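Okay, structure first, notes after.
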Amino acid sequence: MSKPRNNYWLAPVLVIAGVVLVGMAFLLGFVNPVEAAIQLPPEQGPDNTDCLSCHQNPDQTMLFPSREELSITILPAIYGGSAHKNLACQSCHTDISGYPHPENNVELYRYYALQYQDTCKNCHPNQYVEIQDSVHSNLFEQGNLNAPICSDCHDPHSQPVTAKDAEGKPAYTEHAAIANTCGDCHSGIYNQYRQSVHGEGVFVNKNPDVPSCTDCHGVHTIVDPTTAQFRLSSPNMCGDCHTDETIMGKYGLSTDVLSTYVADFHGTTVTLFQKQEPDQMVNMPVCYDCHGIHDIRRSDDPEYGLQIQDNLLVTCQKCHPDATANFPASWLSHYIPSKEKYPLVYYVELVYKILIPTVLGAMVLYVLTDIYRKVMNRRKVKPALVAEVVQQSQPQEAQVPPDVPETPETTEEKAKEE
Amino acid sequence: MAHAEKQYHRFSVAQRIEHLVLILSFSTLGLTGLIQKYAQSGISQALIQFLGGIESTRIIHRVAAVIFVLGAVYHFIVVGYKLFVERRKATMLPGIKDVKDGIGMIGYNVGLRKDRPRMGRYNFTEKVEYWAMMWGLVLMGLTGFMLWNPIATTNILPGQFIPAAKVAHGMEAVLAVLAILIWHFYNVHIKKWNWSMIKGKLSHEEMEEEHAGELDEIERGEAGRIAPLADIRKRRNIFIPLAVVFALVCLFAIYQFVTYEETALTTIAPSASEDAPVFSVPTAVPEALPSSESNGNVQPGFHDGDIGKVNPGNFRDDLSLLAIAPLGELMTRV
Numbered sequence: 297m298s299k300p301r302n303n304y305w306l307a308p309v310l311v312i313a314g315v316v317l318v319g320m321a322f323l324l325g326f327v328n329p330v331e332a333a334i335q336l337p338p339e340q341g342p343d344n345t346d347c348l349s350c351h352q353n354p355d356q357t358m359l360f361p362s363r364e365e366l367s368i369t370i371l372p373a374i375y376g377g378s379a380h381k382n383l384a385c386q387s388c389h390t391d392i393s394g395y396p397h398p399e400n401n402v403e404l405y406r407y408y409a410l411q412y413q414d415t416c417k418n419c420h421p422n423q424y425v426e427i428q429d430s431v432h433s434n435l436f437e438q439g440n441l442n443a444p445i446c447s448d449c450h451d452p453h454s455q456p457v458t459a460k461d462a463e464g465k466p467a468y469t470e471h472a473a474i475a476n477t478c479g480d481c482h483s484g485i486y487n488q489y490r491q492s493v494h495g496e497g498v499f500v501n502k503n504p505d506v507p508s509c510t511d512c513h514g515v516h517t518i519v520d521p522t523t524a525q526f527r528l529s530s531p532n533m534c535g536d537c538h539t540d541e542t543i544m545g546k547y548g549l550s551t552d553v554l555s556t557y558v559a560d561f562h563g564t565t566v567t568l569f570q571k572q573e574p575d576q577m578v579n580m581p582v583c584y585d586c587h588g589i590h591d592i593r594r595s596d597d598p599e600y601g602l603q604i605q606d607n608l609l610v611t612c613q614k615c616h617p618d619a620t621a622n623f624p625a626s627w628l629s630h631y632i633p634s635k636e637k638y639p640l641v642y643y644v645e646l647v648y649k650i651l652i653p654t655v656l657g658a659m660v661l662y663v664l665t666d667i668y669r670k671v672m673n674r675r676k677v678k679p680a681l682v683a684e685v686v687q688q689s690q691p692q693e694a695q696v697p698p699d700v701p702e703t704p705e706t707t708e709e710k711a712k713e714e
Numbered sequence: 008m009a010h011a012e013k014q015y016h017r018f019s020v021a022q023r024i025e026h027l028v029l030i031l032s033f034s035t036l037g038l039t040g041l042i043q044k045y046a047q048s049g050i051s052q053a054l055i056q057f058l059g060g061i062e063s064t065r066i067i068h069r070v071a072a073v074i075f076v077l078g079a080v081y082h083f084i085v086v087g088y089k090l091f092v093e094r095r096k097a098t099m100l101p102g103i104k105d106v107k108d109g110i111g112m113i114g115y116n117v118g119l120r121k122d123r124p125r126m127g128r129y130n131f132t133e134k135v136e137y138w139a140m141m142w143g144l145v146l147m148g149l150t151g152f153m154l155w156n157p158i159a160t161t162n163i164l165p166g167q168f169i170p171a172a173k174v175a176h177g178m179e180a181v182l183a184v185l186a187i188l189i190w191h192f193y194n195v196h197i198k199k200w201n202w203s204m205i206k207g208k209l210s211h212e213e214m215e216e217e218h219a220g221e222l223d224e225i226e227r228g229e230a231g232r233i234a235p236l237a238d239i240r241k242r243r244n245i246f247i248p249l250a251v252v253f254a255l256v257c258l259f260a261i262y263q264f265v266t267y268e269e270t271a272l273t274t275i276a277p278s279a280s281e282d283a284p285v286f287s288v289p290t291a292v293p294e295a296l297p298s299s300e301s302n303g304n305v306q307p308g309f310h311d312g313d314i315g316k317v318n319p320g321n322f323r324d325d326l327s328l329l330a331i332a333p334l335g336e337l338m339t340r341v
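Sequence lines, in order, name chains A and B.
For the first sequence, our numbering begins at 297 and goes up steadily by one.
For the second sequence, our numbering begins at 8 and goes up steadily by one.
Structure follows, in structure tokens:
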């Protein structure tokens, strides 16, 4: 009787255990969805010879009714260097199984590209999730069909595997390629960025420390940079690198930039809004209002640097149009006041650092002597309380007439009584 | 009435109201100011939120500042009347006697003296407070003006004065608030609750302790002596017009103070156009509707190495289609 019963509960438990185990395997990364999708053993390579027999020929094109002409030549040398080299053509081009290909009467190249919009998520589900709230996906959902989809940034036939750093972000060796990709559409920003201190580091010096587009905007989760949230949290974004002693030390840059900003009027306001009203657009400046968004220059840049007071004045006047030559010096330029830098501020602070303890210390000392007197007076009274009262009541009633002032002696005793 | 129970008039109703206004404006200034100075602390942020955010905290601080300064203007006029019209004794002026009284009180407290010094209408603890308040009024008023109107200030003074004023304003505030908490609260509340600013009177005992000198004067009938009525009337006719002019000048100055410059309070938003992203979409930017003859213009061989790139040179003006066609419809068509 009891054995079959055991079997009844065993089955669902096993199913649940199986599901949990598979789920955990996914979570722990045992099963990589990208690899799972590859159906062909890598050493053998995909059998794309049939497709390539035509498509490796040069000048293969496809003409859309719009008269757009799409190159459909796939050079094995380029495809073989791509991240997808081990994928069969059919993995993505699922509708094509032979020749002649099924008819595709799409009018525009863009519509043709959009047909493959959801193909990538079969192998890259995480990235597909990441793009859902991105500014590009939002634009697309608003009906802008030119908003980028996966293949606009990642050419599926040619893009090699992206090198990653220890944190899983694109390695610095990819920085130039990333900027070039974004620059395909954002050409104005691209040109500004190339001239900036960061862009110069990426394109000229191959510097691993400078940010490319994705370091500030995110890789796939690219948020709208015009929102209040982005603006209010941006000082922390810049601060991520600019408060890092190991990075900034190399270039002799101050890591006090964030704390000095927050200590000042502008930064205090921005920080408070970020914490209390993150959706409220605030016109107080954040880092990029003074230093530039994409055209950030060195602060000692001879032409644009903010160390040059005239440049700083122009920057101040963006918000304070009436500001005159002395005005920029009212901002401490991220310095902590010292004898050399902003001595007036330093000495005012010093004077108060001496004045406050001196004045308050003197007050406390006086108050302590007064408390001491009160305690002592009370102590004296207690043991001889009865005697004192008797002694006191007699002279008061007997000797002091109503309208004559009390003698010092009697007041003295009264004080003691207290 | 027994002598010990006699009450001595100390502050008029007007003085008590003045003091109440000072309490309210000073406390508001201290509270809304210190939470701005220490804005990163949790308590400050909770209070700022309670007051409706940092912007409204700043507005409250400025309103309180104006009330504080108005109170000061009133005070100066009243003091002027008492000193120059009524020719009362300037009992608040500090002198050598106050130093002696201070030393005497310490001596009494530590047991070097048997009796307290006989102090006047305003003893040295009160004079310290009054003149500290005067010093604070001038310093906080000046530095406050500089912080309120930084552009006007830097038209005259070097820029460094603004952060220096900010440091002085904040540190002076700490000094003032702590001084009130230590000195004023101890002397009139903790040591013994002093009712004179509420009920207006002090008992004989209290007078004896703190204003024995004044008590002696009262007994001699010398206290609160004012000039003959005829003289007062004569001088009042001069004083009142002067006071009115003074008040008007002060009111005008305060009005200027409040409205002097706009941009420090409500800055101009940075222009959006300047930094707007510049897009150049490489694909669908058709310029004109190509005619049927333009078919011949299709460029072959556009694809040297650029797999999948599109020749954007020639295609039909289908921008309207792109912009309008809903995605669903598009997909079914596809």
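Using N, Cα and C, we set each Cβ at its ideal position, and we do this for glycine too.
Predicted model, so just to flag it, every value in this text is computed and none were measured.
Neighbours of B/Gly166 in chain A, taken as residues whose beta carbon is under 7 Å from its own, are Asn622, Phe623, Pro624, Ala625, Ser626 in chain order. Only buried fits A/Ile592, as 16 or more other CB atoms lie within 10 angstroms of its CB. Contact note: A/Tyr662 reaches chain B through Ile113, using a C-beta cutoff of 7 Å and chain order. Per DSSP, the beta-bridge partners of A/Thr357 are A/Ser367. DSSP places A/Leu609 in the helix class (H, G or I) of the three-state scheme.
A/Val582 sits close to A/Pro531, with the two beta carbons spaced by under 8 Å. By the neighbour-count criterion, in which 16 or more other beta carbons inside 10 Å mark a residue as buried, A/Gln570 falls on the buried side.
Per DSSP, B/Tyr81 is not a residue of any beta strand (DSSP E); the alpha helix (DSSP H) it occupies stretches across 61-87. Around the Cβ of A/Glu636, a 10 Å sphere holds fewer than 16 other Cβ atoms; the residue is exposed. In terms of CA proximity to A/Ser362, A/Tyr408 leads the group A/Ala459, A/Phe561, A/Tyr408.
Beta-bridge annotation (DSSP): B/Ser210 is paired with B/Gln14. DSSP places B/Pro157 inside the alpha helix (DSSP H), whose first and last residues are 157-163. The Cβ atoms of A/Glu426 and A/His516 lie closer than 8 Å to each other.
Residues of chain B whose Cβ lies closer than 8 Å to the Cβ of A/Val558 are, in chain order, Gln47. Sixteen is the threshold: when 16 or more other Cβ atoms of the shown chains lie within 10 Å of the Cβ of A/Tyr638, as they do, the residue is buried.
Looking from the CA of A/Cys509, the closest CA among A/Thr620, A/Trp627, A/Cys481, A/Gln576 belongs to A/Cys481. The beta carbon of B/Asp105 sits closer than 7 Å to those of Phe131, Lys134, all from its chain and outside the five residues before and after it, given in chain order. B/Ala172 is positioned such that its CB atom lies no closer than 8 Å to that of B/Met141.
Fewer than three Cβ pairs drawn from the stretch 460-467 of chain A and the stretch 553-568 of chain A lie within less than 8 Å of each other, which leaves the two stretches out of contact. Using a Cβ-Cβ cut-off of 8 Å, A/Thr523 does not count as an interface residue toward chain B, since no Cβ of chain B sits closer than that to its own. Taking the beta carbon of A/Val519 as reference, no residue of chain B falls within 9 Å; the closest one sits roughly 14 Å away.
CA-CA distance, B/Glu25 to A/His587, rounds to 50 Å. At a cut-off of 8 Å between beta carbons, A/Lys460 makes no contact with chain B. Excluding its 5 nearest sequence neighbours in each direction, A/Tyr642 has C-beta neighbours in its own chain below 8 Å: Pro633, Ser634, Lys635, listed in chain order. Check the Cα spacing between B/Tyr267 and each of B/Lys199, B/Lys241, B/Tyr88, B/Gly151: the tightest is with B/Gly151.
Under a 10 Å Cβ-count criterion, A/Pro624 is classified as buried, with 16 or more other Cβ atoms of the shown protein chains found around its own Cβ. Membership of A/Glu437 in the alpha helix (DSSP H) is indicated by the continuous run 431-437.
By the neighbour-count criterion, in which a residue is buried when 16 or more other Cβ atoms sit within 10 angstroms of its Cβ, B/Arg227 is exposed. Of all residues in the stretch 189-211 of chain B, the ones placed with a Cβ closer than 7 Å to any Cβ belonging to chain A are Ile189, Trp190, Tyr193, Lys198, in chain order. Per DSSP, reduced to three states, the secondary structure at B/Lys241 is helical. Interface residue (Cβ-Cβ distance to chain A less than 8 Å): B/Gly228 is not classified as such.
Using a Cβ-Cβ cut-off of 8 Å, B/Pro170 counts as an interface residue toward chain A, since at least one Cβ of chain A sits closer than that to its own. For a Cβ distance threshold of 7 Å, residue set Ile61 of chain B lies close to A/Thr565, ordered along the chain. Following the DSSP letters along the chain, one finds B/Met112 inside the alpha helix (DSSP H) bounded by residues 103-117. For A/Leu549, no CB of chain B lies under 8 Å from its own CB, so it is not counted at the interface with that chain.
For A/Pro639, the secondary structure class from DSSP, reduced to helix, strand or coil, is helix.
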